[in-house]
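**Student:** In my numbering, the protein residues as written are 159 to 471.
Glycine is no exception: its CB is placed at the ideal position from the N, C-alpha and C atoms.
Small disclaimer: the values here were computed from a predicted structure and weren't measured.
Dumping the structure here so I can ask a few things about it.
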Amino acid sequence: MRALILLGLVGLAAQLVDGSLGMAYGVTSTTLLLAIGTNAAAASATVHLAEIGTTLASGISHWRFGNVDWKVVAKIGIPGAVGAFAGATFLSSLSTEIAAPVMSLILLSLGVYILIRFTAFGLPRGNLGKPLRRRFLAPLGLLAGFVDATGGGGWGPVGTPAILASGRLAPRKVIGSIDASEFLVAIAASVGFFVGIGSENINFAWVAVLLLGGVIAAPIAAWLVRHIPPRILGSAVGGVIVLTNVRTLLRSDWIDASGGVQTVAYLVIAAIWAAAIAYSVREYRRDKANESVEAVESELRRRTTAEEETASA
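Here it is as structure tokens:
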């Protein structure tokens with residue numbers, strides 16, 4: 159019973175983070191299942207089965223709050239489902255230890271870019287509103303779906319930073335669209351796992367409690383992402399990406415850092431991340447104050463002009 163309660167809380171916390179930042183449900187949940195001795199394929203299958211419900215709830219919640227671009231969902235979700243099915247069916251038993259550091263370097267670069275760009279300059283507006291092309295989203299979906307199925311998580315960590323970095327879609331719509339499209343990925347991966355390993359290694363009680371926690375958190379997360387300012391949200395997402403992928407690299411065979419080195423690295427990154435968010439909050443408040451002053455001045459000018467026109471008439 160204690161394990162089920164813990165899994166339910168993990169599902170709630172993971173979905174709260176995932177629905178707010180566009181990533182982390184699969185990675186968080188799979189990590190816990192692996193820690194308690196579940197084999198990799200069964201852990202990923204369990205999480206993806208739970209994600210069928212959590213992503214449906216999250217997608218509906220984001221849609222109701224206006225966070226979803228359905229064109230993006232279609233362009234990335236269908237290729238993502240293909241990649242997830244292929245990964246679950248044919249590659250779930252293949253070790254991703256060699257590929258993980260390479261992927262982490264790419265994601266780390268994107269994370270640093272997003273953290274600096276949003277913290278220093280706010281929401282990129284030069285490309286905002288420009289369409290996201292299928293030739294960009296389709297390969298991205300295939301890659302993200304493949305990584306998600308074989309690694310127990312990765313749809314958000316691969317998809318979210320790549321689309322954010324393009325600057326063509328507001329952060330809340332990036333997160334809402336990624337979460338909504340993950341429903342297709344979860345279904346395809348689950349079917350693939352049933353074909354590949356069957357259902358005997360899947361604990362459906364674990365699926366149920368992970369699902370319950372995620373469904374409870376989904377509408378809360380969708381509300382949060384709508385009300386968190388884009389500049390602050392971008393800094394938060396960038397920090398998550400950096401911290402997660404530095405952790406993967408430090409623990410990889412490439413570096414194999416000691417526990418002390420890892421701790422120091424995490425503390426330094428956490429301090430920089432906190433400072434970035436604090437700076438974003440300060441700049442957001444200053445921008446809002448300036449907008450208020452400009453609005454008042456504009457209203458005064460409008461009234462003055464109207465009075466002058468009335469007097470001259």
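Are there 16 or more other CB atoms within 10 angstroms of the CB of N448, so buried, or fewer, so exposed?
**Tutor:** Exposed is the call here.
**Student:** Can you name, in chain order, every residue of its own chain whose Cβ lies under 7 angstroms from the Cβ of A436, other than the five neighbours on each side?
**Tutor:** Nothing listed; no residue qualifies.
**Student:** Taking the runs of the alpha helix (DSSP H) that are 4 residues or longer, which of them lie wholly in the segment 319-347?
**Tutor:** Counting whole runs of 4 or more residues, the segment 319-347 contains no alpha helix (DSSP H) stretch at all.
**Student:** How is F223 classed by DSSP in three states: helix, strand or coil?
**Tutor:** Reduced to three states, the DSSP call for F223 is coil.
**Student:** Can you list, in chain order, the residues of its chain with a C-beta nearer than 8 angstroms to that of L300? Leave out the 5 residues immediately preceding and following it.
**Tutor:** If we look at L300 and ignore the five residues flanking it on each side, its Cβ neighbours are P237, G238, V240 and G241.
**Student:** Could you tell me which of G397, R460 and I430 sits nearest to L268, measuring between CA atoms?
**Tutor:** Here the closest residue by C-alpha is G397.
**Student:** Taking only the alpha-carbon atoms, compute the straight-line gap between V439 and R275 and give it to the nearest angstrom.
**Tutor:** The straight-line gap from Cα to Cα measures roughly 14 angstroms.
**Student:** Assuming L273 and A434 form a contact by the criterion Cβ under 8 angstroms, report the distance between their Cβ atoms to the nearest whole angstrom.
**Tutor:** Correct: roughly 6 angstroms between the Cβ atoms.
**Student:** State yes or no: is the C-beta of A344 within less than 7 angstroms of the C-beta of I210?
**Tutor:** For A344 and I210, yes; Cβs fall inside 7 angstroms.
**Student:** Would you give the residue range spanned by the alpha helix (DSSP H) that P289 belongs to?
**Tutor:** Counting along the chain, P289 falls outside any alpha helix (DSSP H), and DSSP gives it neither H nor E.
**Student:** If you pair each beta-carbon of the segment 322-330 with each one of the segment 290-298, do three or more pairs fall below 8 angstroms?
**Tutor:** Cβ pair count under 8 angstroms is three or more, so yes.
**Student:** For chain B, check one thing: does any of its Cβ atoms lie closer than 7 angstroms to the Cβ of G417?
**Tutor:** Absent from the structure is chain B; it holds one protein chain and no more.
**Student:** Going by other Cβ atoms of all chains shown within 10 Å of its Cβ, with 16 needed for buried, is E340 buried or exposed?
**Tutor:** By the 10 Å Cβ count, E340 comes out buried.
**Student:** Assuming P297 and I399 make a contact with CB atoms under 8 angstroms, what is their CB distance in whole Å?
**Tutor:** With 8 angstroms as the limit, P297 and I399 do not qualify as a contact, their Cβ atoms being about 20 angstroms apart.
**Student:** Over the uninterrupted alpha helix (DSSP H) stretch that includes I360, give me the two end residues.
**Tutor:** That residue, I360, is in no alpha helix (DSSP H); it is neither H nor E in DSSP.
**Student:** Spatial neighbours of V270 within its chain, please: C-beta separation below 7 angstroms, excluding the five flanking residues on both sides.
**Tutor:** Around V270: V400.
**Student:** Where does S187 land, buried or exposed, given buried means 16+ other C-beta within 10 angstroms?
**Tutor:** It is buried - the Cβ of S187 has at least 16 other Cβ atoms within 10 Å.
**Student:** Give me the residue from L370, N403 and I360 with the minimum Cα distance to S348.
**Tutor:** For the residues L370, N403 and I360, the minimum Cα distance to S348 belongs to I360.
**Student:** Any contact between the segment 405-416 and the segment 380-387? By contact I mean 3 or more CB pairs, one from each, below 8 angstroms.
**Tutor:** The segment 405-416 vs the segment 380-387: no contact.
**Student:** For F279, does the count of other Cβ atoms within 10 angstroms reach 16, so buried, or fall short, so exposed?
**Tutor:** By the 10 Å Cβ count, F279 comes out exposed.
**Student:** Among P387, G354 and D337, which has the Cα closest to the Cα of K446?
**Tutor:** Out of P387, G354 and D337, P387 has the C-alpha closest to the C-alpha of K446.
**Student:** Can you tell me where the alpha helix (DSSP H) holding P237 begins and where it ends?
**Tutor:** Element bounds for P237: W228 to F248.
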